[in-house]
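Student:
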Amino acid sequence: MVAIDIETEDGRREALRRMLTIRAFDSAASDLFADGEIPGFVHLYIGEEAVATGACAALEEQDYITSTHRGHGHCIAKGLDPTFMMAELYGKRDGYCNGKGGSMHIADVDAGMLGANGIVGAGPPLATGAALTAQLKGEDRIALAFFGDGAVAQGQVHEAINLAATWDLPAIFLVENNQFGEGTPVDEQHNVQALSETAEAYDIPGFSIDGMDVTAVYEAVGEARERAASGAGPTFIEAETYRFRGHFEGDQQPYREEEDVAVWRDRDPVESFKARLVERGELTDEEFEAMRESADEEIEEAVEYARDAADPAPEEAYDDMFATVVPEIEQFAARMRADGGAER
Amino acid sequence: MSTETGTSYDVDQTRTMTMREAIREAIREELARDDDVFLMGEDVGRFGGVLEVTAGLLDEFGDDRVRDTPISEAGFMGAGIGAAATGTRPVVEIMFSDFLGVCSEQVMNQMAKMRYMFGGKTEMPITVRTTEGGGMGAASQHSGTVHTWFAHFPGLLAVTPGTPAAAKGLLKSAIRSDDPVFFFENKMTYEQQGEVPVDEDFTLPLGEARVEREGDDVTVVASQRLVGESLDVAEDLAGDVSVEVIDVRSLYPLDTDTLVGSLEKTGRMVVADESPLSYGVHAEVMARMMENAFFSLDAPIQRVGVPDTHIPFSPALEGEVLPSADDVRTAVERIA
Ligand SMILES: Cc1ncc(C[n+]2csc(CCOP(=O)(O)OP(=O)(O)O)c2C)c(N)n1
C-alpha cells in the first residue's frame, strides 16, 4: 500500500489520510509518553509529515527505506501497521520487533523498512547496501535513505553517497532539513548554504525542495526514483521542513522561540494541503474532519490493543541473537535461571 | 595427525595447499556455488588483495561479484550489512584488522544488533575477512590482533583458523552462515602448507575445536600461527613431555567440551593466542576451565600472548612482544 498516484484525486486524499494518521500516531505518542505509559525516548515527526508521505507515495511497494531515530512517520508512510508500531512502543511481544526495538528501532524488512535507527547517520550506508542487492540481483527496486540535517555532518553518510554514486546504485538520499540537530541550528553545523550543494562533490543531481508541500516531495522523489531505476545512479534531495515538537518529548527547547515555531506552524503541511484540496473542490471541511476523526480512532484502537497486548516473557531476552544456536547463550541463561536470576 | 575430534574428513582425498590458496579456493567455490555471494573490499579485484589472497577472482567472476571499493570502510561495511539484510551474502575484506576501528559503528550497532533488535526478523549473512598479527615489521597500525573485541561483542561470530584445512572448511561455513562471521587470518600463516580435502562440499562447523595432536601431560590450546608452532614444540618435547595440541578454530562459539575433555585427561593447560593477554581469549578459556573442570587442574593454567603492548616496528622489538614457539615451550615446561 505504498505507491499512490498523487496526480489523481483519490491519490491526493490518500496522501492526506496518511499525513493525518502520522499526526494522530505521534500526538497519541506524545500524550502517552507524558503520562509515563511509554518507556524510553520518543522523537516525534509532527510538522514533517509531508516529507515521508510524499516520498513513500512515490516509491513502489518493493522499494526499501532506511530511517532515523524520528521514524514513526516513515513507518506509517511505508505502509506499516500503526497497531504493531504502537505495540512496539509499549515493548509488547507482538510489536514489530517483539518488544526488542522500541520507538527508535521499528523495522519491518518484509515491508521494505530497514529500521529506524538510534545512530545518527547510520542509515545511508544500509540503503546503499540494499541498492547494491537490487543491482546485483537485477531487481526493479530502489532504496531511499531518510536522514536529518545533523546527519549530513557524519562521515559515513558521505562514504555511502560516494559509493552509491561511484557504482550507479539505485539509491535516493533524502535529507530532512528540519532546521535543527537536537538544539543546534543547521547553519551552525554546516558551512554550505543549501545542504543539497553537497551533491556536487559526488557529481550527482542535488536539489532543495519545499518539504512542507507533499506534492513537491512526491514529484522530486518520483523523478529521482526513475533516474535510480534506469541505472543512472543516486539523487540527493534536501527537503526543507520543520519539527514542531522538541527534539525528544520532554525537551525544554531553550534554543528557540515560540514565535519562530509559529511562523512554520502557519505552513503546517497537513493544514496547507487540506486547504489546497478544499480550494480545488476536492474536499469539504466536513470530509476533512471525518478523515481526522477516523485517523484518531484508528490510533486509539492501536493504543487499546497495545495496552492489552502481552509482554514478552523474560527468557525471550535470550532469543534472536543468531540464526544458529550458540551454546554459550543457552548455558549462561540456564545457569542464571537455575539461580533464580531470570525469574521475576 | 590422524586424531579426529568433532569432525572428520577423509585424509586420503586431500591436496597440499597453502593457507592463502585454501582461503582463495573457499571463496572461489562459494562464488561459483551461490550467485548471492559477492566479494568487496579495497583492492580485492584488480590488485588481487594486498596479500594476494583474492588474486584471479576478478577475472573469473567479473566486477559485479568482485568489487573494488573506495577507501571508505564505514561506507562499504555498512553497504555490506544493508546488502546482507536484503538477500545477498557479502564477503567483505578489511585490508588490515586494525582498520576495523574505522567501521566499528556499523559493526557494533548495525551488524551485531539488527537481528536482535528487529525481533529476529532479518538475517545477517555477512562474512568479514581480515588479516591480523605481527611478524612483518608492519608496525602498530598494521599488525594488531583484535579478534577478542569481536568474540566479546554479542551478536558476532569469530573464527581464527590454525591450518589450511581449517581455513577452507570454516570460511565456507562462514559464507553459508546466516549470521555475521568475522574471519581472522594471521598474515604469517599465508605460506603455511597443509593437507586440505579436495571435496567442494567439505565444510567445518563453526564452534568446533580440533585436537591436532594427542598427548597426555599438557594441553596446549592454540590459535592461528601458534597452532603450527605449538605442534613443533610438541614434536620437540616428545619423549620428555607428551603435549596435546588443540586448534581452537572458533573463538565464538567456543568449543568448551573439547577443551574440558582434554584438560580432564592431561590436568594441565597452556593457552596460546596472539592477542593482548588481559581480558581476552586466554581469560575466557581459563574462565570456562574454572567453571567446568576446576577439580581436574593439577597446575595453574598458563597463558602465552602479547604482553598488553602494541606491536612495535623494529624487528628487535617486534620479536620481543610476539608470542613464539619458545614462549609456548617455556610455558609447557613451567607446569609439566
Ligand atoms: C552517532 C550519534 N551521535 C549522536 C547522537 C545523539 N543524537 C540523537 S538525534 C541527534 C540529532 C540529529 O539531528 P538530525 O540528524 O538533524 O535529525 P533530527 O533530530 O533533526 O530529525 C543527536 C545528536 C546519536 N544518536 N548518534
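Chains as they are written, first to last, in the working numbering: chain A, 492 to 835; chain B, -9 to 326. Glycine included, every Cβ here is placed at the ideal spot set by N, Cα and C. All figures in this text were calculated on a predicted structure; none of them were measured in a lab.
Please classify B:A326: does DSSP put it in a helix, a strand, or coil?
Tutor: coil
Student: Drop a sphere of 10 angstroms on the beta-carbon of A:I495, count the other beta-carbons inside from all chains shown, and report buried for 16 or more, exposed for fewer.
Tutor: buried
Student: Taking a cut of 8 Å between CB atoms, which residues from the stretch 576 to 598 of chain A lie near chain B?
Tutor: Against chain B - using a Cβ distance shorter than 8 Å - the residues of the stretch 576 to 598 of chain A are G586, Y587, C588, N589, G590, K591, G592, H596, A598.
Student: Could you tell me the distance, in whole angstroms, from the CA atom of B:T120 to the CA atom of A:E528?
Tutor: 46 Å
Student: Compute the beta-carbon to beta-carbon distance between B:V186 and B:P154, rounded to the nearest angstrom, for a pair I have assumed lies under 8 Å.
Tutor: 5 Å
Student: Run the proximity test for A:I610: is its beta-carbon closer than 7 Å to any non-hydrogen atom belonging to ligand 1?
Tutor: yes
Student: Could you give the residue range of the beta strand (DSSP E) that holds B:V171?
Tutor: 171 to 176
Student: Measuring only the C-alpha atoms, how far is A:D601 from B:I116?
Tutor: 19 Å
Student: Given that B:P144 touches chain A, what residues does it touch there, using C-beta distances under 8 Å?
Tutor: Within chain A, the residues placing a beta-carbon under 8 Å from that of B:P144 are M812, ordered along the chain.
Student: Along the beta strand (DSSP E) that carries B:V238, what are the first and last residues, could you check?
Tutor: B:V238 -> no beta strand (DSSP E), and no H or E assigned at all.
Student: A:I837 to A:A519, Cα distance in whole Å?
Tutor: This structure leaves residue 837 of chain A out entirely; chain A is present only between 492 and 835.
Student: Using a Cβ-Cβ cut-off of less than 9 Å, give me the residues of the stretch 104 to 115 of chain B that come near chain A, in sequence order.
Tutor: Within the stretch 104 to 115 of chain B, the residues whose Cβ lies closer than 9 Å to any Cβ of chain A are, in chain order, M104, R105, Y106, M107, F108, G109, G110, K111, T112, E113, M114, P115.
Student: Since B:M279 and B:L244 are thought to touch, with beta carbons under 8 Å apart, how far apart are those beta carbons, to the nearest angstrom?
Tutor: No, B:M279 and B:L244 are not in contact; Cβ-Cβ is about 11 Å, not under 8 Å.
Student: Taking Cβ to Cβ, would you say B:R18 is nearer than 8 Å to B:L47?
Tutor: yes
Student: State buried or exposed for A:P661, treating a residue as buried only when at least 16 other CB atoms are found within 10 Å of its CB.
Tutor: buried
Student: Does ligand 1 have even one heavy atom less than 7 Å from the beta-carbon of B:R293?
Tutor: no
Student: How about B:D33: is its C-beta nearer than 8 Å to some C-beta of chain A?
Tutor: no
Student: Please name the residue or residues paired with A:E792 in a DSSP beta bridge.
Tutor: Paired residue(s): none; A:E792 is not in a bridge.
Student: Would B:I17 count as contacting chain A if we go by Cβ distances under 8 Å?
Tutor: no
Student: Going by Cα to Cα distance, which pick from A:A525, A:C547, A:A541, A:E770 is closest to A:R484?
Tutor: Since the first and last residues shown for chain A are 492 and 835, residue 484 of chain A lies out of range.
Student: What number of angstroms, rounded off, separates the C-alpha of A:N608 from the C-alpha of A:H560?
Tutor: 5 Å
Student: Could you tell me which chain B residues have their CB closer than 9 Å to the CB of A:L623, listed as they occur along the chain?
Tutor: F28, M30, R57, A69, G70, G72, A73, T76, T78, P80
Student: Near B:M98, what residues of its chain come up, given a Cβ to Cβ distance below 8 Å and the 5 sequence neighbours on each side ignored?
Tutor: F143
Student: Since A:N653 meets chain B, which of its residues come closer than 8 Å, beta carbon to beta carbon?
Tutor: P60, S62, G65
Student: Please state the DSSP three-state secondary structure of A:G639.
Tutor: Looking at A:G639 - three-state DSSP - the assignment turns out to be strand.
Student: If distances are taken between C-alpha atoms only, which option among B:M85, B:T256, B:K162 comes closest to B:E122?
Tutor: Ranking the options by Cα distance to B:E122, first place goes to B:M85.
Student: May I ask you to verify whether the stretch 616 to 628 of chain A touches the stretch 66 to 73 of chain B, counting CB pairs closer than 8 Å and requiring at least 3?
Tutor: yes
Student: Give, in chain order, every unbroken run of the beta strand (DSSP E) that is at least 3 residues long and sits entirely within the stretch 20 to 77 of chain B.
Tutor: 27 to 31, 56 to 58
Student: Counting only C-beta atoms, is B:S(-2) closer than 8 Å to chain A at any point?
Tutor: Bear in mind that the predicted position of B:S(-2) carries a pLDDT of just 49, short of 50, making it too unreliable to give a figure here.
Student: Determine the direct distance from the alpha carbon of A:G612 to that of A:Q647, and round the result to whole angstroms.
Tutor: 7 Å
Student: If you measure from the CB of A:N669, is any heavy atom of ligand 1 nearer than 7 Å?
Tutor: yes
Student: Run down chain B in chain order and give the residues with a C-beta less than 7 Å from the C-beta of A:A618.
Tutor: G72
Student: Which residues in chain B have a C-beta closer than 9 Å to the C-beta of A:K569? List them in chain order.
Tutor: Ordered by position in chain B, no residue passes the 9 Å Cβ test against A:K569, which lies about 15 Å from the chain.
Student: Taking 8 Å as the threshold, find out whether the stretch 724 to 737 of chain A comes into contact with the stretch 692 to 708 of chain A through three or more Cβ pairs.
Tutor: The answer is yes - the stretch 692 to 708 of chain A touches the stretch 724 to 737 of chain A, with three or more Cβ pairs under 8 Å.
Student: Using CA atoms only, rank isn't needed, just tell me which of B:G35, B:V43, B:G39 is closest to B:D49.
Tutor: B:G35
Student: Got a sec: does ligand 1 put a non-hydrogen atom nearer than 7 Å to the Cβ of A:A642?
Tutor: yes
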